[in-house]
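Counting from 1, one number per residue, gives the positions in the sequence shown under full-length UniProt numbering.
Heads up, the beta-carbon is just placed ideally off N, CA and C, and yes, glycines get one too.
Report on one structure; see the data block that follows.
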Amino acid sequence: MGEKKGTNSSSNNHSHCFEPFISPNPITSFNPVQRFPKIDKTAFVSQFSSVIGDVTISNNVYVAPNVSIRADEGTPFYISSNSNIQDGVILHGLLNKRISVGGKRYSIFIGNEVTIAHGALVHGPCYIADKVFVGFNSIVYTAIVGRGAFISYNAVVTNGVRIPPDRFVPPGANIDSQEKADALSRVPKDSKEFANEVQRVNQEFPASYHLLFGKNRCSCGFAYDQ
1 MGEKKGTNSS
11 SNNHSHCFEP
21 FISPNPITSF
31 NPVQRFPKID
41 KTAFVSQFSS
51 VIGDVTISNN
61 VYVAPNVSIR
71 ADEGTPFYIS
81 SNSNIQDGVI
91 LHGLLNKRIS
101 VGGKRYSIFI
111 GNEVTIAHGA
121 LVHGPCYIAD
131 KVFVGFNSIV
141 YTAIVGRGAF
151 ISYNAVVTNG
161 VRIPPDRFVP
171 PGANIDSQEK
181 ADALSRVPKD
191 SKEFANEVQR
201 VNQEFPASYH
211 LLFGKNRCSC
221 GFAYDQ
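This is the structure:
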(Lines of atoms letter the chains of each structure in order from A and count residues from 1; the text may use other names and numbers.)
(Lines give C-alpha, C1' and ligand atoms only; values in the text may rest on other atoms or scores of the structure.)
Protein backbone atom coordinates (compact mmCIF):
# COMPACT_ATOMS: atom_id res chain seq x y z
CA MET A 1 0.00 0.00 0.00
CA GLY A 2 1.41 3.40 -0.97
CA GLU A 3 2.02 6.21 1.48
CA LYS A 4 -0.37 9.14 1.89
CA LYS A 5 1.34 12.30 3.05
CA GLY A 6 -0.16 15.46 4.50
CA THR A 7 -3.79 14.42 5.00
CA ASN A 8 -5.83 11.85 6.88
CA SER A 9 -8.70 10.13 5.13
CA SER A 10 -11.79 9.00 7.02
CA SER A 11 -12.23 5.24 7.14
CA ASN A 12 -15.84 4.24 6.59
CA ASN A 13 -15.06 1.02 4.72
CA HIS A 14 -14.47 -1.13 7.83
CA SER A 15 -10.73 -1.40 7.15
CA HIS A 16 -10.27 -0.44 10.81
CA CYS A 17 -12.37 -3.10 12.52
CA PHE A 18 -11.35 -2.71 16.16
CA GLU A 19 -13.13 -0.16 18.34
CA PRO A 20 -13.06 0.89 22.01
CA PHE A 21 -15.41 -0.60 24.58
CA ILE A 22 -17.65 2.12 26.07
CA SER A 23 -20.07 0.84 28.69
CA PRO A 24 -22.11 1.76 31.76
CA ASN A 25 -21.02 0.25 35.05
CA PRO A 26 -22.64 -3.04 36.08
CA ILE A 27 -25.32 -2.89 38.78
CA THR A 28 -23.95 -4.08 42.12
CA SER A 29 -24.99 -3.86 45.77
CA PHE A 30 -22.53 -1.02 46.31
CA ASN A 31 -23.21 0.76 42.99
CA PRO A 32 -26.91 0.19 42.15
CA VAL A 33 -27.27 2.89 39.46
CA GLN A 34 -25.89 2.45 35.95
CA ARG A 35 -24.15 5.50 34.52
CA PHE A 36 -22.78 5.78 31.00
CA PRO A 37 -19.52 7.63 30.25
CA LYS A 38 -19.80 11.22 29.00
CA ILE A 39 -17.25 11.72 26.24
CA ASP A 40 -16.88 15.06 24.50
CA LYS A 41 -17.21 14.84 20.72
CA THR A 42 -13.73 16.35 20.28
CA ALA A 43 -12.06 13.71 22.49
CA PHE A 44 -10.76 10.50 20.98
CA VAL A 45 -10.79 7.05 22.61
CA SER A 46 -8.56 4.60 20.75
CA GLN A 47 -9.11 1.04 19.71
CA PHE A 48 -8.64 -1.71 22.32
CA SER A 49 -9.38 0.73 25.19
CA SER A 50 -12.29 0.57 27.64
CA VAL A 51 -14.21 3.31 29.43
CA ILE A 52 -16.73 2.05 31.97
CA GLY A 53 -19.16 3.86 34.26
CA ASP A 54 -19.46 7.45 35.49
CA VAL A 55 -16.50 8.90 33.60
CA THR A 56 -16.37 12.39 32.08
CA ILE A 57 -13.82 12.89 29.30
CA SER A 58 -13.54 16.55 28.31
CA ASN A 59 -12.67 18.30 25.07
CA ASN A 60 -9.59 17.31 23.08
CA VAL A 61 -8.59 14.50 25.43
CA TYR A 62 -6.61 11.69 23.80
CA VAL A 63 -6.99 8.15 25.15
CA ALA A 64 -4.41 5.86 23.52
CA PRO A 65 -4.81 2.11 22.81
CA ASN A 66 -5.03 -0.48 25.60
CA VAL A 67 -6.15 1.95 28.29
CA SER A 68 -8.53 0.80 31.06
CA ILE A 69 -10.69 3.54 32.63
CA ARG A 70 -12.94 1.58 34.97
CA ALA A 71 -15.34 3.46 37.26
CA ASP A 72 -17.22 0.39 38.48
CA GLU A 73 -16.03 0.56 42.11
CA GLY A 74 -14.68 4.01 42.98
CA THR A 75 -16.64 6.67 41.10
CA PRO A 76 -16.90 9.21 39.45
CA PHE A 77 -13.82 9.99 37.32
CA TYR A 78 -13.17 13.32 35.57
CA ILE A 79 -10.53 13.95 32.89
CA SER A 80 -10.15 17.63 31.98
CA SER A 81 -9.38 19.33 28.67
CA ASN A 82 -6.30 18.63 26.53
CA SER A 83 -5.03 15.79 28.70
CA ASN A 84 -3.62 12.56 27.30
CA ILE A 85 -3.90 9.06 28.72
CA GLN A 86 -1.25 6.94 27.03
CA ASP A 87 -0.97 3.27 26.09
CA GLY A 88 -1.52 0.72 28.85
CA VAL A 89 -2.61 3.20 31.53
CA ILE A 90 -5.03 1.96 34.22
CA LEU A 91 -7.47 4.24 36.07
CA HIS A 92 -9.42 2.65 38.93
CA GLY A 93 -10.62 3.75 42.37
CA LEU A 94 -11.40 2.43 45.84
CA LEU A 95 -15.04 2.13 46.85
CA ASN A 96 -16.45 5.19 48.68
CA LYS A 97 -13.08 6.96 48.84
CA ARG A 98 -13.20 10.40 47.21
CA ILE A 99 -11.56 13.80 47.08
CA SER A 100 -13.36 17.16 46.86
CA VAL A 101 -12.85 19.43 43.85
CA GLY A 102 -14.94 22.56 43.34
CA GLY A 103 -17.63 21.40 45.74
CA LYS A 104 -17.98 18.00 44.07
CA ARG A 105 -16.50 14.66 45.09
CA TYR A 106 -14.52 12.40 42.78
CA SER A 107 -12.68 9.11 42.93
CA ILE A 108 -10.20 10.41 40.34
CA PHE A 109 -9.89 13.97 39.09
CA ILE A 110 -7.34 14.77 36.38
CA GLY A 111 -6.77 18.43 35.48
CA ASN A 112 -6.09 20.23 32.21
CA GLU A 113 -3.05 19.43 30.03
CA VAL A 114 -2.03 16.42 32.11
CA THR A 115 0.04 13.57 30.69
CA ILE A 116 -0.42 10.08 32.11
CA ALA A 117 2.39 8.27 30.30
CA HIS A 118 2.68 4.69 29.07
CA GLY A 119 1.89 1.97 31.59
CA ALA A 120 1.14 4.23 34.57
CA LEU A 121 -1.42 3.34 37.26
CA VAL A 122 -3.62 6.04 38.78
CA HIS A 123 -5.70 4.58 41.60
CA GLY A 124 -8.22 6.73 43.42
CA PRO A 125 -8.82 8.56 45.52
CA CYS A 126 -6.48 10.86 43.55
CA TYR A 127 -6.32 14.48 42.48
CA ILE A 128 -3.88 15.37 39.72
CA ALA A 129 -3.71 19.11 39.06
CA ASP A 130 -3.17 20.92 35.74
CA LYS A 131 0.02 20.39 33.72
CA VAL A 132 1.25 17.39 35.72
CA PHE A 133 3.40 14.73 34.04
CA VAL A 134 2.97 11.19 35.38
CA GLY A 135 5.81 9.10 34.00
CA PHE A 136 6.11 5.66 32.45
CA ASN A 137 5.12 2.74 34.73
CA SER A 138 4.68 5.02 37.73
CA ILE A 139 1.97 4.64 40.39
CA VAL A 140 -0.15 7.39 41.93
CA TYR A 141 -2.36 5.95 44.68
CA THR A 142 -4.35 7.89 47.29
CA ALA A 143 -2.45 11.10 46.63
CA ILE A 144 -2.80 14.75 45.64
CA VAL A 145 -0.37 16.02 43.00
CA GLY A 146 0.12 19.78 42.65
CA ARG A 147 0.13 21.79 39.44
CA GLY A 148 3.13 21.32 37.19
CA ALA A 149 4.67 18.46 39.14
CA PHE A 150 6.76 15.88 37.27
CA ILE A 151 6.62 12.24 38.39
CA SER A 152 9.44 10.28 36.75
CA TYR A 153 9.30 6.73 35.44
CA ASN A 154 8.87 3.83 37.90
CA ALA A 155 8.12 6.20 40.80
CA VAL A 156 5.44 5.61 43.45
CA VAL A 157 3.40 8.36 45.12
CA THR A 158 1.07 7.06 47.83
CA ASN A 159 -0.18 7.13 51.45
CA GLY A 160 -2.22 10.30 51.07
CA VAL A 161 0.78 12.53 50.39
CA ARG A 162 0.47 15.95 48.77
CA ILE A 163 3.09 16.70 46.15
CA PRO A 164 3.62 20.50 46.12
CA PRO A 165 3.31 22.36 42.80
CA ASP A 166 6.27 22.23 40.38
CA ARG A 167 8.09 19.49 42.28
CA PHE A 168 10.18 16.71 40.74
CA VAL A 169 9.80 13.07 41.78
CA PRO A 170 13.00 11.25 40.70
CA PRO A 171 13.00 7.96 38.77
CA GLY A 172 12.16 5.00 40.98
CA ALA A 173 11.45 7.15 44.05
CA ASN A 174 8.93 6.00 46.67
CA ILE A 175 7.17 9.07 48.05
CA ASP A 176 5.10 7.61 50.88
CA SER A 177 5.36 10.33 53.53
CA GLN A 178 4.70 14.06 53.59
CA GLU A 179 8.25 14.62 54.80
CA LYS A 180 9.58 13.07 51.58
CA ALA A 181 7.10 15.05 49.47
CA ASP A 182 8.05 18.37 51.07
CA ALA A 183 11.76 17.69 50.48
CA LEU A 184 11.39 17.31 46.70
CA SER A 185 13.30 19.74 44.48
CA ARG A 186 11.83 21.88 41.69
CA VAL A 187 11.22 20.41 38.25
CA PRO A 188 14.43 20.74 36.17
CA LYS A 189 14.29 22.75 32.97
CA ASP A 190 14.86 19.74 30.71
CA SER A 191 12.04 17.75 32.35
CA LYS A 192 9.66 20.69 32.03
CA GLU A 193 10.57 21.07 28.37
CA PHE A 194 10.04 17.34 27.82
CA ALA A 195 6.59 17.47 29.45
CA ASN A 196 5.62 20.47 27.33
CA GLU A 197 6.70 18.73 24.13
CA VAL A 198 4.73 15.59 25.02
CA GLN A 199 1.69 17.80 25.53
CA ARG A 200 2.19 19.56 22.22
CA VAL A 201 2.39 16.28 20.32
CA ASN A 202 -0.55 14.60 22.01
CA GLN A 203 -2.90 17.55 21.64
CA GLU A 204 -2.81 17.00 17.87
CA PHE A 205 -3.94 13.39 18.08
CA PRO A 206 -7.69 13.71 18.81
CA ALA A 207 -8.50 15.71 15.68
CA SER A 208 -6.09 13.69 13.53
CA TYR A 209 -7.50 10.34 14.63
CA HIS A 210 -11.06 11.58 14.10
CA LEU A 211 -10.13 12.33 10.50
CA LEU A 212 -8.56 8.91 10.15
CA PHE A 213 -11.28 6.78 11.73
CA GLY A 214 -14.47 8.77 11.22
CA LYS A 215 -17.39 8.73 13.65
CA ASN A 216 -16.83 7.64 17.24
CA ARG A 217 -18.29 4.22 17.85
CA CYS A 218 -17.84 1.72 20.63
CA SER A 219 -17.34 -2.00 20.04
CA CYS A 220 -21.04 -2.49 20.82
CA GLY A 221 -21.85 -0.51 17.66
CA PHE A 222 -23.34 2.60 19.27
CA ALA A 223 -22.00 6.10 18.73
CA TYR A 224 -20.63 7.64 21.92
CA ASP A 225 -20.43 11.28 20.77
CA GLN A 226 -22.06 13.58 23.30
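Three-way DSSP call (helix, strand, coil) for Leu211 in this model: The residue given as residue 211 occupies position 211 in the sequence shown. Reduced to three states, the DSSP call for Leu211 is helix.
Integer Cβ distance of Ala155 from Val169, believed to fall under 8 Å: Your numbering for residue 155 matches position 155 in the sequence shown. Your numbering for residue 169 matches position 169 in the sequence shown. With a Cβ gap of about 5 Å, Ala155 and Val169 count as contacting.
Cβ contact (3+ pairs, closer than 8 Å) linking the segment 73 to 91 and the segment 157 to 165: no
Start-to-end residues for the alpha helix (DSSP H) that takes in Ala181: Taking the sequence shown and counting its residues from 1, the one referred to as residue 181 is at position 181. Note, Ala181: alpha helix (DSSP H), 178 to 182.
Assigned exposure category for Leu211 - 16 Cβ within 10 Å defines buried: Residue numbering aside, residue 211 sits at position 211 when the sequence shown is read from its first letter. Flag for Leu211 reads exposed.
Residue of Asn137, Tyr141, Phe109 minimising C-alpha distance to Ala129: Against the sequence shown, residue 129 aligns to sequence position 129. The candidate whose alpha carbon is nearest that of Ala129 is Phe109.
Alpha helix (DSSP H) segment containing Phe36, residue limits: For the purposes of this step, residue 36 is taken as the residue at position 36 of the sequence shown. Here Phe36 belongs to no alpha helix (DSSP H), and DSSP marks it neither H nor E.
According to DSSP, residues forming a beta bridge with Arg167: Within the sequence shown, the letter at position 167 stands for residue 167. Its beta-bridge partners are Arg186.
Nearest-angstrom Cβ-Cβ length linking Val198 and Thr142, presumed shorter than 8 Å: The residue you call residue 198 lines up with position 198 of the sequence shown. The residue you call residue 142 lines up with position 142 of the sequence shown. Rounded, the Cβ-Cβ distance is 25 Å, inconsistent with contact.
Ile175 versus Gly214: straight-line alpha-carbon distance, rounded: As a working note, residue 175 is residue 175 in the sequence shown. As a working note, residue 214 is residue 214 in the sequence shown. Approximately 43 Å, taken between the alpha carbons.
Cut-off 6 Å between Cβ atoms - residues of its own chain near Phe36, not counting five sequence neighbours on either side: As a first step, residue 36 is located in the sequence shown; it is residue number 36 there, counting from the start. The answer, listed in chain order, is Pro24.
Cα-Cα separation between Phe30 and Glu73, rounded to whole angstroms: As a working mapping, residue 30 is identified with position 30 in the sequence shown. As a working mapping, residue 73 is identified with position 73 in the sequence shown. Cα to Cα, the separation comes out at about 8 Å.
Beta-carbon proximity list for Ala195, same chain, < 7 Å, skipping 5 on both sides: What you label residue 195 is simply residue 195 of the sequence shown in a count that begins at 1. Excluding residues within five positions, the ones whose Cβ falls inside 7 Å are Thr115, Phe133, Phe150.
Neighbour-count burial assignment, Lys131, 16 or more Cβ in a 10 Å radius: Looking up residue 131 in the sequence shown gives position 131. Lys131 comes out buried.
Sequence-distant residues of the same chain with beta carbon closer than 6 Å to Arg70, five excluded per side: Residue 70 sits at position 70 when you count from the first residue of the sequence shown. Correct list, in chain order: Ile52, His92.
Element boundaries [beta strand (DSSP E), containing Tyr153]: For the purposes of this step, residue 153 is taken as the residue at position 153 of the sequence shown. Run containing Tyr153: none; DSSP gives neither H nor E here.
Cutoff 6 Å; reference Ile144; Cβ partners in own chain excluding five residues on either side: Residue mapping note: residue 144 aligns to position 144 of the sequence shown, counting from 1. Here the set comprises Tyr127, Arg162.
DSSP beta-bridge partners of Ala71: Within the sequence shown, the letter at position 71 stands for residue 71. Looking at the DSSP assignment, Ala71 forms a beta bridge with Gly53.
Asn84 burial status per 10 Å Cβ neighbour count (16 or more: buried): As a working mapping, residue 84 is identified with position 84 in the sequence shown. That one is buried.
Alpha-carbon to alpha-carbon, Tyr153 and residue 228: A query on residue 228 cannot be resolved here, the shown segment of the chain reaching from 1 to 226 and no further.
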